[in-house]
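Step one of this worksheet: look at the structure below.
In this note's numbering, the protein residues as written are 8 to 47.
Spelled out as structure tokens, the structure:
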């Protein structure tokens, strides 16, 4: 899986390159696992 580097106020984070979201959403996914269902 290829990734890209996004930057926010906390620093750099790797985001999958096929996703449209950014660094803050990726941090939320990593830190708050509340389910496995995703939006279509």
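From the three backbone atoms N, C-alpha and C, an ideal C-beta is built for every residue, glycine too.
Environment of residue i [buried if 16+ CB atoms lie within 10 Å]
i	result
residue 22	buried
Pairwise C-alpha distance: residue j and residue i
i	j	result
residue 15	residue 31	7 Å
residue 8	residue 41	23 Å
residue 28	residue 17	16 Å
residue 44	residue 34	17 Å
residue 46	residue 12	23 Å
residue 39	residue 20	16 Å
Residue nearest to residue i in terms of C-alpha spacing, selected from the options
i	options	result
residue 25	35, 10, 44 and 46	10
Residue range of the unbroken beta strand (DSSP E) whose run includes residue i
i	result
residue 34	That residue, residue 34, is in no beta strand (DSSP E); its alpha helix (DSSP H) goes 30-38.
residue 41	Looking at the DSSP string, residue 41 is not in any beta strand (DSSP E), and its letter there is neither H nor E.
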